[in-house]
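Asker: Can you keep this structure in mind? I'll have questions shortly.
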Amino acid sequence: MACMKATYLAPAIGQYLIAHTTQPDDVLDALALETREATGDRAVMQLSPDQGPFLTMITQISRAENVVEVGTFTGYSSICLARGLAPGGRLTCFDISEEWTAIAQRYWDKAGVADRVELRIGPAAERLEELPDGQTVDLAFIDADKAGYPVYYEILLSRLVPGGLILVDNTLWNGHVADPTVDDDDTRAIREFNDMVMADGRVTSLMLPIADGITMIRKH
-19 MACMKATYLA PAIGQYLIAH TTQPDDVLDA LALETREATG DRAVMQLSPD QGPFLTMITQ
41 ISRAENVVEV GTFTGYSSIC LARGLAPGGR LTCFDISEEW TAIAQRYWDK AGVADRVELR
101 IGPAAERLEE LPDGQTVDLA FIDADKAGYP VYYEILLSRL VPGGLILVDN TLWNGHVADP
161 TVDDDDTRAI REFNDMVMAD GRVTSLMLPI ADGITMIRKH
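Residue numbers (the working numbering): -19 to 200.
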């Protein structure tokens, strides 16, 4: 039975949703298994099966040619994004771990998307600033350290084309954002980020109850 991240849903509903969503192929299944074996408890950072088709479909619908990912881990989300790119499109991935992204690079080859993916290792707040002047972004996916979300958001929004999208993961944070008894650092960071986006007149946003919460943000 597939892992369901949406713990705020009744388990039966969560499993029903996954069962009625396009299933991962053999490459993604193998990657998910290796990630669990190689990273242990950290495997929770990997996308759940319902998120993959969503990322691919949104990338396809938006006809994105230039996509950025902040937080690659072992590569599940990057494969899904790369598969949705418009012809000739490119995905630039930012991560701090050479160890985990080494797994990602092997699976980019297995998935046949390595020719359209570039990896940049280092603190994303610094590496994002190194993007060439004038290079715009059609779509971005943020799934990294929660305290860094506002920084990544502002850098990417400044490069986002009008009508472009930013997708942000974990914005429901296991439901903790709505629980006033929870007040740890990451929960506060997510709440503050969510409030910041809601108050941002430059964008329209929609929080979706997919997995651990994905917020879709469209630049005016």
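We put the CB at the ideal spot given by N, CA and C, even for glycine.
DSSP on D95, reduced to helix/strand/coil?
Answerer: In this structure, D95 counts as helix in the three-state DSSP scheme.
Asker: Give the DSSP-derived three-state secondary structure of P130 in the structure shown.
Answerer: P130: helix per DSSP, three-state reduction.
Asker: Give me, in chain order, the residues of the same chain whose beta-carbon lies closer than 7 Å to that of M(-19); leave out the 5 immediate sequence neighbours on both sides.
Answerer: Confidence in M(-19) is poor, its pLDDT being 41 and thus under 50, which makes the residue's placement too unreliable to answer from.
Asker: What is the rounded straight-line gap between the Cα of I197 and the Cα of L186?
Answerer: Answer to the nearest angstrom: the Cα atoms are 7 Å apart.
Asker: Using only the alpha-carbon positions, how far apart do I38 and P189 sit?
Answerer: Those two C-alpha atoms are separated by around 15 Å.
Asker: So what's A120 in DSSP terms, helix, strand or just coil?
Answerer: The answer is strand: DSSP assigns A120 an E or B state.
Asker: When the Cα atoms are used, what is the spatial distance from P130 to F173?
Answerer: Rounded to the nearest angstrom, the two C-alpha atoms are 6 Å apart.
Asker: Going along the chain, which residues of its own chain have a beta-carbon closer than 7 Å to the beta-carbon of L11, five neighbours each way excluded?
Answerer: T54, G55, Y56, Y87.
Asker: What residue from T195, A191, Q115 has the CA that sits closest to T1's CA?
Answerer: Closest by alpha carbon: A191.
Asker: Would you say L147 and I83 are within 8 Å of each other, going by their C-beta atoms?
Answerer: No, these two residues do not count as a Cβ contact at 8 Å.
Asker: Name the residue from A94, W80, V48 whose alpha carbon lies nearest to the alpha carbon of E17.
Answerer: Checking every option, the nearest Cα to that of E17 belongs to W80.
Asker: Within the region 53 to 79, note down every full alpha helix (DSSP H) run reaching 4 residues or more, in order along the chain.
Answerer: The qualifying runs are 56 to 63.
Asker: Mind listing, in chain order, the continuous beta strand (DSSP E) runs of no fewer than 3 residues lying wholly within the region 16 to 55?
Answerer: You should have 46 to 50.
Asker: Verify whether the separation of the beta carbon atoms of K199 and L137 is less than 8 Å.
Answerer: A contact, by the Cβ cut-off of 8 Å.
Asker: As a quick exercise: from V93, D166, L27, G155, pick the residue whose alpha carbon is nearest that of A(-10).
Answerer: A(-10) has its Cα closest to that of G155, out of V93, D166, L27, G155.
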